[in-house]
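The sequence shown begins at 1 in full-length UniProt numbering and counts up one residue at a time. Beneath this line is the structure, given in structure tokens, with notes to follow.
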Amino acid sequence: MFLAEVSGNVGSIAYGLAAIGPGIGVGIIFGQGVQAIARQPELTNVIRQNMLLGFALTEALALIGFVVPFVHS
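Put into structure tokens, the structure is as follows:
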């Protein structure tokens, strides 16, 4: 029986997998934000503010996912 050997930079594969979640999250945030603005245009400023806050927090997860695999190696 042969064991598979992984060589090279596995951190880049880990980041690729870690970027999937925040990518989906950003799509959901802006998609739902556009729907909310279409339903209640008078709350555009509040909805936009919440969208940008959610975007910033979601992208922070992507940056953490980028840094962690390289710190552990």
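Ideal placement from N, C-alpha and C gives every residue a C-beta, glycine not left out.
The three-state reading of DSSP puts N50 in helix, counting H, G and I together. In the DSSP annotation of this structure, the continuous segment of the alpha helix (DSSP H) that includes A38 starts and ends at I20 to R39. DSSP, read as helix, strand or coil, puts E5 in coil. If you draw a straight line from the Cα of F70 to the Cα of V34, it is about 36 Å long. With a beta-carbon spacing of about 5 Å, G54 and I29 fall inside the 8 Å limit used to define contacts.
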